[in-house]
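Have a look at the structure below before the remarks.
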Amino acid sequence: MHRYLCGLAAATALFSLPAVADAAEAAVATLTTADGREVGSVSLLPASFPGLILTFEASGMPAGTHGFHLHETGTCDPSDGFKSAGGHWNPTDHSHGWLDGEGAHAGDMPNIHVPESGELTIEYFLPDLALGDGGGAANVMDADGTAIIVHSGVDDYLSQPSGEAGDRIACGVVEMN
Numbered sequence: 000m001h002r003y004l005c006g007l008a009a010a011t012a013l014f015s016l017p018a019v020a021d022a023a024e025a026a027v028a029t030l031t032t033a034d035g036r037e038v039g040s041v042s043l044l045p046a047s048f049p050g051l052i053l054t055f056e057a058s059g060m061p062a063g064t065h066g067f068h069l070h071e072t073g074t075c076d077p078s079d080g081f082k083s084a085g086g087h088w089n090p091t092d093h094s095h096g097w098l099d100g101e102g103a104h105a106g107d108m109p110n111i112h113v114p115e116s117g118e119l120t121i122e123y124f125l126p127d128l129a130l131g132d133g134g135g136a137a138n139v140m141d142a143d144g145t146a147i148i149v150h151s152g153v154d155d156y157l158s159q160p161s162g163e164a165g166d167r168i169a170c171g172v173v174e175m176n
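Okay, so the sequence shown: first residue is 0 according to numbering that gives the first Met the number 0, each after it adds one.
Rendered as structure tokens:
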């Protein structure tokens, strides 16, 4: 659990890191609502050590606090409320949540706090994840892909299996740039 918290805290030091991998190695996801409205984009850029730098630029998101997760399947079917994306991405079979003594799993990310404008830019460091095989990091680009989901409610960082974060209001499939 502490490894994930420390990794996120490391995001504040990103500007002092050695150069990151070539941007051509980046992955992207365009997040859309069930009615097809684009509400943001996510980029995943490999760091120079095991992990990814996630940048989320949102516009037109509903104001409030929302759960934000990596999900196990790279499918975003709006007709099923994005349930096609499966559960949280959990390649190491951990419990959900940073407040769970057994957690957190790889799909857990901090809640996002969207202001009234609906516009938001955030950056996270996701430790031990990769855009391919290598270094013992979990591969986001596995055979069935990965999706990024924004939920209607707050992730409580504890409830199993997904933090009671509510409906899925936006989804994007992670694809290589």
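Cβ atoms here follow ideal geometry from the backbone N, Cα and C, with glycine treated the same way.
Per DSSP, what are the beta-bridge partners of Val27 in this structure? Ser42, Glu174
Name the residue from Glu115, Gly134, Gly144, Asp166 whose alpha carbon lies nearest to the alpha carbon of Gly63. Glu115
State the start and end residues of the unbroken beta strand (DSSP E) segment that holds Gly50. Where Gly50 is concerned, the enclosing beta strand (DSSP E) stretches over 50 to 57.
What residue range is occupied by the uninterrupted beta strand (DSSP E) comprising His195? Lying before the first or after the last residue shown, residue 195 is absent from the chain, which here runs from 0 to 176.
Can you have a look at Ser47 and say buried or exposed, based on whether 16 or more other CB atoms are within 10 angstroms of its CB? That one is exposed.
Endpoints, beta strand (DSSP E) assigned at Val113: 111 to 113
Can you have a look at Pro160 and say buried or exposed, based on whether 16 or more other CB atoms are within 10 angstroms of its CB? exposed
Using the Cα positions of Ala33 and Leu98, report the straight-line distance between them to the nearest angstrom. Distance between the alpha carbons of Ala33 and Leu98 is about 31 Å.
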